[in-house]
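Trainee: My questions will all concern the structure given below.
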Amino acid sequence: MSKTAFRLNVNGQDYEVLVEPRKLLSDVIRDDIGLTGTHVGCEHGVCGACTVLIEGKPQRSCLVFAIQARGQSIRTIEDVADENGDYSTLQQMLHEEHGLQCGFCTPGIVLTMEAFLKSNPDPSEEEIREALSGNLCRCTGYQNIVKAVQKTILRGHEEDKEIASL
Amino acid sequence: MKPSPFTYHDPHSLDEALALLNQYGEEARIIAGGQSLVAMMNLRLAQPDHLIDINNIPVLNGIECQDRLLQIGALTSHQDILQSELVRQSCPILTNAAAHIGHYAIRQRGTIGGSLSHADPAAEWPMIAILLDGEMEIAQLSGEKRTLGARDFIQSIYTTDLAPEEILTKISFPCLEENEGWAFKPFARRRGDYFIVAVAACLTLDQSGRIKRLRLCLGGMEATAIRLDEIEQGSIAHLPDENWIREVAKAACNEGNPVDDHNADVEYRRELVEILVTDALQDAFKGTQRG
Ligand SMILES: Cc1cc2nc3c(=O)[nH]c(=O)nc-3n(C[C@H](O)[C@H](O)[C@H](O)COP(=O)(O)OP(=O)(O)OC[C@H]3O[C@@H](n4cnc5c(N)ncnc54)[C@H](O)[C@@H]3O)c2cc1C
Ligand code: FES
Ligand code: FES
């Protein structure tokens, strides 16, 4: 089957790829672009490990063909820490609260929750668990992930206060 | 597994998409959110030779309300419906139903038109469309449009009245009346799963507090969601008291022709219906007392 050449914008950088239209975004990100932080678990939308941000929204990269994402901005886990490698608050809290063990689910969880917290900065525990329900974790039992998200929110409030008191 | 090869088409207008569908007929499949189709393609349960992406046809997207009719473009995502203030005000049962669909990331991409065209018997939109007698607007190559009520559109498991050359373009729902009580009660074992059984109800009362109209719908009991027409008719002019709720719940649980499957056996489904109908009618009644 013939390949098609197109450009993908991942983490602010343009990549020229040459792939068949049937190639999933998850596979192009991993195999062609070489960013292997996006994990692939189930390939039918259930586990959430492959979640990336497309135009700022968390989406399953295993349920999108790469060719469909032409012209859209894609963000993967590699872009969450800053250029010095310093973790985002959420990543730091996951680290401190033992919100991961094997780490397979973590990239999907980080991107889902980064987007979720942006659109819903002060969620209840119930809302956090609802948003987290689309990401399966076989190690942690979720408690510490929820704690990490809650601590991220608290940290945000503290920073807001510091800014306000300046 | 990986999907089998296909040719990708990216039409930018409805006419272009219809022409492609007409050209390739049964060999073509529309892709909207892809949240059911791509999963099926990855499992090779679907192997279209031509994939026609309708995501770049803006006219298919959007929500408006005219003459107490809420109109939702087929390509509108579950999340956009969930977040729409217009929907919350005119037809809040849709907001509630949207919140039960899958997960956060699935709702961002999945569309109402895709869900209705897919016609999963345990999906939210087909059931709500049957509850509210939603109208499907369908576009054909000839430039003609036809409209069809939800009960005629959804025919069986994964089966609708859509011909391979047609595109579902818009879904209209009559707005709920002021002081109309409503409830949507799905039962699933895990958050975000398709429901095993669900009950949806809308209730309005007349001046004297008797039932003016009841709409009652069961999901998970047959190949499509079913409306309980006889119970609806029989409830008119009744007092909406605990007795009536008990009678309706008892009668409703004998309706339908459910299957035994790995999720639940027949007896369990019937028991669920009784409990969920009771819950739904109590909530719907409370809703009528708000104003
Ligand atoms: C993990 C997971 C959990 C889910 N949980 C739920 C749930 O709890 N409840 C629920 O209801 N759904 C659930 N879904 C399914 C989801 O809601 C899908 O979005 C929906 O079923 C299909 O919509 P889509 O836009 O993604 O359609 P697609 O997958 O793109 O298409 C589905 C079918 O409809 C056809 N089609 C699409 N649009 C049109 C159109 N406008 N005209 C004609 N034909 C069209 C396609 O050709 C295809 O055959 C879940 C999905 C996943 C992956
Ligand atoms: S790999 Fe995409 S959701 Fe599991
Ligand atoms: S940390 Fe191992 S799956 Fe979540």
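From first to last, the protein sequence lines are chains W and V.
Heads up: the first sequence is residues 320 to 485, going by this note's numbering.
Heads up: the second sequence is residues 235 to 525, going by this note's numbering.
Built from N, CA and C at the ideal position, the CB exists for glycine as well.
For chain W, is any of its Cβ atoms less than 8 Å away from the one on residue 281/V?
Mentor: Chain W contact via Cβ: absent.
Trainee: Is DSSP giving residue 361/V helix, strand or coil here?
Mentor: In this structure, residue 361/V counts as helix in the three-state DSSP scheme.
Trainee: Which of helix, strand or coil does DSSP assign to residue 344/V?
Mentor: Note: residue 344/V maps to coil in three-state DSSP.
Trainee: Please confirm whether residue 355/W has its beta-carbon closer than 8 Å to some beta-carbon of chain V.
Mentor: By this cut-off, residue 355/W is not an interface position.
Trainee: According to DSSP, is residue 420/V part of a helix, a strand, or is it coil?
Mentor: Looking at residue 420/V - three-state DSSP - the assignment turns out to be strand.
Trainee: Is the beta carbon of residue 380/W less than 8 Å from the beta carbon of residue 343/W?
Mentor: Yes, Cβ-Cβ distance for residue 380/W and residue 343/W is below 8 Å.
Trainee: Please state whether the Cβ-Cβ distance between residue 186/V and residue 380/V is less than 8 Å.
Mentor: With chain V represented from 235 up to 525, any question about residue 186/V goes unanswered, as that position is not in the structure.
Trainee: Would the stretch 463-471 of chain W and the stretch 359-366 of chain W be scored as touching if the rule is three or more Cβ pairs under 8 Å?
Mentor: At 8 Å Cβ cutoff, the stretches do not touch.
Trainee: Relative to the C-alpha of residue 456/V, which residue among 288/V, 310/V, 465/V, 433/V is closest?
Mentor: Residue 433/V is the option with its Cα nearest to residue 456/V.
Trainee: Could you name the residues of the stretch 267-296 of chain V whose beta carbon sits closer than 9 Å to any beta carbon of chain W, in the order they occur along the chain?
Mentor: Against chain W - using a Cβ distance shorter than 9 Å - the residues of the stretch 267-296 of chain V are 267, 268, 269, 270, 271, 272, 273, 274, 275, 276, 277, 285, 287, 289.
Trainee: Rounded to whole angstroms, what is the Cα-Cα separation between residue 477/V and residue 417/V?
Mentor: Residue 477/V and residue 417/V: Cα-Cα distance of roughly 19 Å.
Trainee: Could you name the residues of chain W that residue 425/V contacts, counting a contact when the two beta carbons are closer than 7 Å?
Mentor: Here the neighbours are 449, 452.
Trainee: As an exercise, report each continuous alpha helix (DSSP H) stretch of at least 4 residues that is fully enclosed by the stretch 255-294 of chain V, in chain order.
Mentor: Here the runs fully enclosed are 271-276.
Trainee: Using a threshold of 7 Å, is the CB atom of residue 431/V nearer than that to any non-hydrogen atom of ligand 1?
Mentor: Outside the cutoff, so no.
Trainee: Quick one, which residues of the stretch 343-354 of chain W are near chain V if we go by CB-CB under 8 Å, in chain order?
Mentor: Per Cβ criterion, the list reads 343, 346.
Trainee: State buried or exposed for residue 506/V, treating a residue as buried only when at least 16 other CB atoms are found within 10 Å of its CB.
Mentor: Residue 506/V is buried by the Cβ-count criterion.
Trainee: Roughly how many angstroms lie between the CA atoms of residue 462/W and residue 452/V, to the nearest whole one?
Mentor: In a straight line, the C-alpha of residue 462/W is about 35 Å away from that of residue 452/V.
Trainee: Mind checking if residue 340/W is an interface residue toward chain V, Cβ cutoff 8 Å exclusive?
Mentor: Residue 340/W counts as touching chain V.
Trainee: Taking 7 Å as the cut-off, is the C-beta of residue 394/V nearer than that to any heavy atom in ligand 3?
Mentor: Flag unset: Cβ of residue 394/V not near ligand 3.
Trainee: Specify, as a first and last residue, the run of the alpha helix (DSSP H) that residue 312/V falls within.
Mentor: 312-317 is the span of the alpha helix (DSSP H), which, as asked, contains residue 312/V.
Trainee: Inspect the beta-carbon positions of residue 291/V and residue 346/V and report whether they are closer than 8 Å.
Mentor: Contact: no.
Trainee: Taking the beta strand (DSSP E) that residue 380/W belongs to, which residues open and close that run?
Mentor: It is not in any beta strand (DSSP E) - residue 380/W carries neither H nor E in the DSSP assignment.
Trainee: Kindly indicate if chain W contains any beta-carbon less than 8 Å away from that of residue 347/V.
Mentor: No, residue 347/V lies away from the interface with chain W (no Cβ there is under 8 Å from its Cβ).
Trainee: Select from the stretch 236-250 of chain V all residues with a C-beta closer than 9 Å to any C-beta belonging to chain W, and list them in chain order.
Mentor: Here the close residues are 236, 237, 238, 239, 240, 241, 242, 244.
Trainee: Specify the secondary structure class of residue 440/V as computed by DSSP and reduced to three states.
Mentor: It is coil, neither helix nor strand.
Trainee: Go ahead and label residue 486/V buried or exposed: buried means 16 or more other beta carbons lie within 10 angstroms of its beta carbon, across all protein chains shown.
Mentor: Buried, because 16 or more other Cβ atoms sit within 10 Å of the Cβ of residue 486/V.
Trainee: On a CA-only basis, which of 286/V, 494/V, 310/V, 299/V is nearest residue 410/V? Give me that one, please.
Mentor: The residue with the shortest Cα to Cα distance from residue 410/V is 299/V.
Trainee: Buried or exposed: which applies to residue 311/V, given that a residue is buried once 16 or more other Cβ atoms fall within 10 Å of its Cβ?
Mentor: Counting Cβ neighbours within 10 Å, residue 311/V comes out buried, since at least 16 surround it.
Trainee: Anything in chain W within Cβ reach of residue 340/V, meaning under 9 Å, just list it in chain order.
Mentor: 364, 378, 379, 382, 453, listed in chain order.
Trainee: Output, in chain order, the set of chain W residues within a Cβ distance shorter than 8 Å of residue 312/V.
Mentor: Here the premise fails: no neighbours, minimum Cβ distance about 12 Å.
Trainee: How would you list, in chain order, the residues of chain V whose beta-carbon sits under 8 Å from the beta-carbon of residue 370/W?
Mentor: In chain order: 339.
Trainee: Which ranges does the beta strand (DSSP E) cover as unbroken runs of at least 3 residues, wholly within the stretch 482-518 of chain V, from first to last along the chain?
Mentor: Qualifying beta strand (DSSP E) stretches: none in this window.
Trainee: So what does DSSP say about residue 426/W, is it helix, strand or coil?
Mentor: It is helical.
Trainee: Output needed for residue 351/W: all residues of its chain with C-beta closer than 7 Å, excluding positions within five of it in sequence on either side, in chain order.
Mentor: Cβ within range, chain order: 336, 338.
Trainee: In chain order, what residues of the same chain lie with their CB nearer than 8 Å to the CB of residue 426/W, ignoring the 5 residues before and after it?
Mentor: For residue 426/W, where only same-chain residues beyond five positions count, the Cβ hits under 8 Å are 356, 357, 358, 368, 370, 395, 396.
Trainee: So residue 426/V and residue 343/V are in contact, right, with Cβ under 8 Å, and what is the actual spacing, rounded?
Mentor: 14 Å between Cβ atoms; not a contact.
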